Amino acid sequence: MKKILAMLGALAGLSFAASAVANPIVDTWTFAETLAWSAQTYTAGGGSQTNLPDKLSWGQSGGSEALGGTRSSLGINPTAANGTVDTNGLPAITNTITHTNNVIDSSFATLATATLHNTLTLTPLLPTPGGAQVIPPIDFLIHFKETLNQAPCGFPVATTCDDVFVIDFGSLNNSFVYDTNTYFISIITTTGNLTPLDPGACAAAGSPAGCLGFTTPENAVTPVTFAFLITSQPVTVPEPSQLALLAIGLLGLYFIRGRKSQKL
97 MKKILAMLGA LAGLSFAASA VANPIVDTWT FAETLAWSAQ TYTAGGGSQT NLPDKLSWGQ
157 SGGSEALGGT RSSLGINPTA ANGTVDTNGL PAITNTITHT NNVIDSSFAT LATATLHNTL
217 TLTPLLPTPG GAQVIPPIDF LIHFKETLNQ APCGFPVATT CDDVFVIDFG SLNNSFVYDT
277 NTYFISIITT TGNLTPLDPG ACAAAGSPAG CLGFTTPENA VTPVTFAFLI TSQPVTVPEP
337 SQLALLAIGL LGLYFIRGRK SQKL
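Each residue of the sequence shown is one higher than the one before, starting from 97 at the first, in our numbering.
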């Protein structure tokens, strides 16, 4: 019996030693993030297209991209974002995509699809500085439909007929390992205008039912602001698309409350 107790005591000591040398999680990171357009395609037609990392535009050659002009556009501002972000803390706000929706002649080519290419570098700051971690790029596929301005539209609209922007968020939890610990990156929006669309709107953009996006009336500007958060456990929600509907304040309170609970 004494030998068994001695062995159990030794194993307990080994277990304690292993937990004592376990690597602590990173509390705070610095980040450098860029967002850029790539792999864009257009419908058949005339006019001209502008394809830049921070802006896609289409419509009348030489026309204006300002509101009320003869060209529509999707812009990214800023394309590069920097700052700090806490593990299990508030999301870090990064970029805003703005759709300027002008009346486009039906003879012009219009945007059909594009890819949002996201690159992110994280550098441990607290409690111990470390080397930069380049996260594998996270790409989001965009489906876009420049609709004819006449009924029937085939889906509920504010005007006749709204254009349709659909985004495929892909994986909710994008994981990486640093110092033997696994972390999860989740992309969210903070403006609340990305919502599950009517099946007719999804179909118009060439996407399956249940797609996530927004519709925009003519002669209007619609911004969508993105953010990301880092967690030490996977984020779970009832439906993946619902993450885009969560307010930044609710997310922050949730994760802050979780951190306080862990410290009690």
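Backbone N, C-alpha and C fix where the C-beta goes; we use that ideal spot for every residue, glycine too.
On a predicted model such as this, the values are computed, not experimentally measured, just so you know.
Check each candidate in L131, S144, E161 and name the one with the smallest Cα separation from F324. Ranked by Cα distance from F324, the options L131, S144, E161 are led by L131.
When you compare only the Cα positions, how much space is there between L218 and A128? Looking at the two C-alpha atoms, the distance is approximately 7 Å.
Span of the beta strand (DSSP E) around N135: The sequence shown places Ala at residue 135, rather than the Asn named in the question. Per DSSP, A135 belongs to the beta strand (DSSP E) from 124-138.
State buried or exposed for G171, treating a residue as buried only when at least 16 other CB atoms are found within 10 Å of its CB. When all chains shown are included, G171 counts as buried.
Touching or not, the region 313-327 and the region 187-197, by the rule of three or more beta carbon pairs under 8 Å? Taking a cut-off of 8 Å on C-beta distances, the region 313-327 touches the region 187-197, as three or more cross pairs fall below it.
Just to confirm my understanding: we take P313, look at its own chain, exclude 5 residues before and 5 after, and list those with CB closer than 6 Å. What are they? Apart from sequence neighbours up to five positions away, the residues of its chain that approach P313 with a beta-carbon distance below 6 Å are A254, T255, D258, ordered along the chain.
Beta-carbon separation of N269 and P330 under 8 Å? Cβ atoms of N269 and P330: closer than 8 Å.
Three or more C-beta pairs below 8 Å linking the region 144-152 and the region 284-303: The region 144-152, when compared against the region 284-303, does not touch it at the 8 Å Cβ threshold.
Using the three-state DSSP reduction, which class does P295 fall into: helix, strand or coil? In the three-state scheme derived from DSSP, where H, G and I count as helix and E and B as strand, P295 is classed as helix.
Strictly by DSSP, which residues pair up with Q145? Q145 pairs with W154.
According to DSSP, which residues form a beta bridge with D235? Answer is H213, bridged to D235.
Would you say V260 and A297 are within 8 Å of each other, going by their C-beta atoms? It is a contact, given that the beta carbons lie within the stated cut-off.
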